[in-house]
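Remarks on the structure that follows.
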Amino acid sequence: MKALFIGGVKSGKSRHAESRTLKMHHDSVVYLATSEPIDEEMRTRIARHKEDRSKRFLDLEEPLDLVAAIEPIKAPLLIECMTVWMNNMLYHGLSKDDIFTQVESLLALDKDIVFVQNDVGSGIIPDNALAREFVDISGRVSQMLGDGCDEVYHCIAGIATKIK
Amino acid sequence: MKALFIGGVKSGKSRHAESRTLKMHHDSVVYLATSEPIDEEMRTRIARHKEDRSKRFLDLEEPLDLVAAIEPIKAPLLIECMTVWMNNMLYHGLSKDDIFTQVESLLALDKDIVFVQNDVGSGIIPDNALAREFVDISGRVSQMLGDGCDEVYHCIAGIATKIK
Amino acid sequence: MKALFIGGVKSGKSRHAESRTLKMHHDSVVYLATSEPIDEEMRTRIARHKEDRSKRFLDLEEPLDLVAAIEPIKAPLLIECMTVWMNNMLYHGLSKDDIFTQVESLLALDKDIVFVQNDVGSGIIPDNALAREFVDISGRVSQMLGDGCDEVYHCIAGIATKIK
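Put into structure tokens, the structure is as follows:
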């Protein structure tokens, strides 16, 4: 079973994704954080998220090779978030094709995975070519996740609406 | 009864929020404008909005202390809009905690209130730290409103879809 | 019959709009491209779109006068996309009123038309006045299309949700 929670910043994605993962009725669930705590703002965000999270989650951290990190895990997994992971991949010199290939591999794993993804494509088209490319890559990844997941939820104002 | 209309710029939020307020079947309804007419662009926007509005609305203006402005009012109220109000609060040196506290107080009032809120969080994450913080605050306020309101509508292309 | 597909960048609008047009059961359908291949990035995007498209589409190109281009056509038409067309209109010195008037004329045509429109208004309000005006114009056009179309679909993560 795979589920996607997509929405803007602070749209309630994390809360609903966590609660969906916890509903998978296993004794333990895993929280896979993709963030690298590279600056103070990021460290504060990560700490705040951790505080808000249920203690039932076992924490795992992996900024790049999600497939390798997930393979040995049997419990349902929450990946938070795909947007940050894409950013890590590009920042560390990997290509958009590396991103698409890994997303395909993730979707092909026989695991219960809940994906959190930011919607970054519904604002004005950025005048910065790199940002524009990121929006494109992000949208293509969202489409792959939307196609590959059994359930898709659109989040806004803390409300998750099931759209698939 | 409290209702929230959330959506992007010119998504039809105002039109649907006004019509929802007018359906509350009171003899009079109040339009609480949070905008401060600080420049020509703003004055033009305010005048255009006023022109489009039903004459059944009694106009009220309050850029900061919404709770105090609303307390004496018995009629259903439309607050337009929360995003501008947040901006006013920060501009006048108030903190995000002042914002969250006032939103809690608004939601605790035993009044019929229709809130209009801009979705500003579904575009590319701004590279400007202040804009990023505004997007965060706005998202948290949207979640508080989404949790506290009885009805929530997502607006796009002039269509309001009930999501709660 | 008129239908609108609205969503962010790479939200799956094109794919669903094409499939909706092809479902109109005519022997042939027309693809009206509004893009002007002014730079390499645009040429690459246009070529990629063309490759992805069904061979049942007859290609037509018109960056400005959509009404004149459409009038002689009997087959169902897909216009991709309105956002680029608006940009062309402003770039070539036409006004927002020219845009609104032409959208009205398009909606008044007794034709089967599927419109593709970018949602550009759900991110942070741009600090650039021109971008802000574009977001406003785009939102007003989206509302006109939403009002005038028989079917409206909101696209995200490759999923088209019927909202009208």
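Line order of the protein sequences matches chains F, X and U. Just so we're on the same page, the working numbering is the position in the first sequence counted from 1, plus 117. Just so we're on the same page, the working numbering is the position in the second sequence counted from 1, plus 117. Just so we're on the same page, the working numbering is the position in the third sequence counted from 1, plus 117. Heads up, the beta-carbon is just placed ideally off N, CA and C, and yes, glycines get one too. Source: prediction; values computed, not measured.
- Chain-ordered, the chain F residues with CB closer than 9 Å to the CB of GLN260 of chain X read LYS127, SER128, GLY129, ARG132, ALA274, GLY275 and ILE276.
- The beta-carbon of VAL252 of chain X is placed less than 7 Å from the nearest beta-carbon of chain U.
- Contacts between LYS281 of chain F and chain U, judged by CB atoms closer than 7 Å, involve ILE276 in chain order.
- Taken in chain order, the complete alpha helix (DSSP H) segments of 4 residues or longer contained in the stretch 168-208 of chain X are 183-187 and 199-208.
- Counting C-beta pairs with one atom in each stretch, the stretch 230-243 of chain U and the stretch 226-246 of chain F have three or more that are closer than 8 Å, which means they touch.
- Chain-ordered, the chain U residues with CB closer than 7 Å to the CB of ASP236 of chain F read GLY125 and ILE273.
- With a threshold of 7 Å between beta carbons, PRO243 of chain U makes contact with chain F.
- Within chain U, no C-beta atom comes nearer than 7 Å to that of GLY210 of chain F; the closest sits roughly 22 Å away.
- For HIS133 of chain X, the enclosing alpha helix (DSSP H) begins and ends at 130-139.
- For ALA164 of chain X, no CB of chain U lies under 7 Å from its own CB, so it is not counted at the interface with that chain.
- Residue state for LYS119 of chain F is assigned as strand, using DSSP reduced to three classes.
- Scanning chain F for C-beta atoms nearer than 8 Å to the C-beta of GLY256 of chain U yields nothing, as the closest lies near 11 Å away.
- Comparing alpha-carbon positions, the option among X:ILE280, X:PHE251 and X:GLY275 lying closest to GLY129 of chain X turns out to be X:GLY275.
- Within the model, the alpha-carbon separation for ASP169 of chain X versus MET118 of chain X is close to 25 Å.
- Our two residues, LEU194 of chain U and PHE174 of chain U, have alpha carbons roughly 9 Å apart in a direct line.
- Taking 7 Å as the CB threshold, GLY240 of chain U lines the interface with chain F.
- Here GLY124 of chain X carries a strand assignment [DSSP, helix/strand/coil].
- A direct Cα-to-Cα measurement between VAL184 of chain U and THR138 of chain F gives close to 51 Å.
- Relative to ASP264 of chain X, the option among F:LYS228, F:MET261 and F:CYS272 whose CA is nearest is F:CYS272.
- In the structure shown, ALA274 of chain X adopts coil according to DSSP, grouped into three states.
- Taken through DSSP and simplified to helix, strand or coil, VAL146 of chain X comes out as strand.
- Taking all protein chains in view, the Cβ of PRO180 of chain X is crowded by 16 or more other Cβ atoms within 10 Å, so the residue is classified as buried.
- Contact check for HIS133 of chain F against ALA277 of chain F passes: the beta carbons are separated by less than 7 Å.
- Going by beta carbons, ALA164 of chain U and CYS266 of chain U fall outside the 7 Å limit.
- The C-alpha of ALA186 of chain X lies about 35 Å from the C-alpha of HIS166 of chain F.
- Residues of the same chain with a CB within less than 6 Å of the CB of ILE196 of chain X, apart from the 5 flanking positions on each side, are LEU149 and PHE232 in chain order.
- The stretch 209-224 of chain F makes contact with the stretch 251-262 of chain F; the number of CB pairs closer than 8 Å reaches 3 or more.
- Per the DSSP secondary-structure output, LYS279 of chain F pairs in a beta bridge with F:TYR270.
- SER131 of chain F and VAL147 of chain U have their alpha carbons spaced roughly 43 Å apart.
- When X:GLU268, X:ASN245 and X:ILE280 are compared, the shortest CA-CA separation from GLU158 of chain F is found for X:ASN245.
- Each residue's CA atom was taken as its position, placing ILE280 of chain U and TYR270 of chain X some 12 Å apart.
- For the pair LEU224 of chain F and ILE254 of chain F, the Cα-to-Cα distance works out to about 17 Å.
- VAL237 of chain X carries a coil assignment under DSSP once its states are collapsed to helix, strand and coil.
- Taking the C-beta atoms as reference points, SER152 of chain F is found no nearer than 7 Å to VAL220 of chain F.
- Sequence-distant partners of SER222 of chain X (beyond 5 residues in either direction) whose C-beta falls short of 6 Å from its own C-beta, in its chain, are VAL184.
- Within a 10 Å sphere around the beta-carbon of GLY210 of chain X sit fewer than 16 other beta-carbons, which makes this residue exposed.
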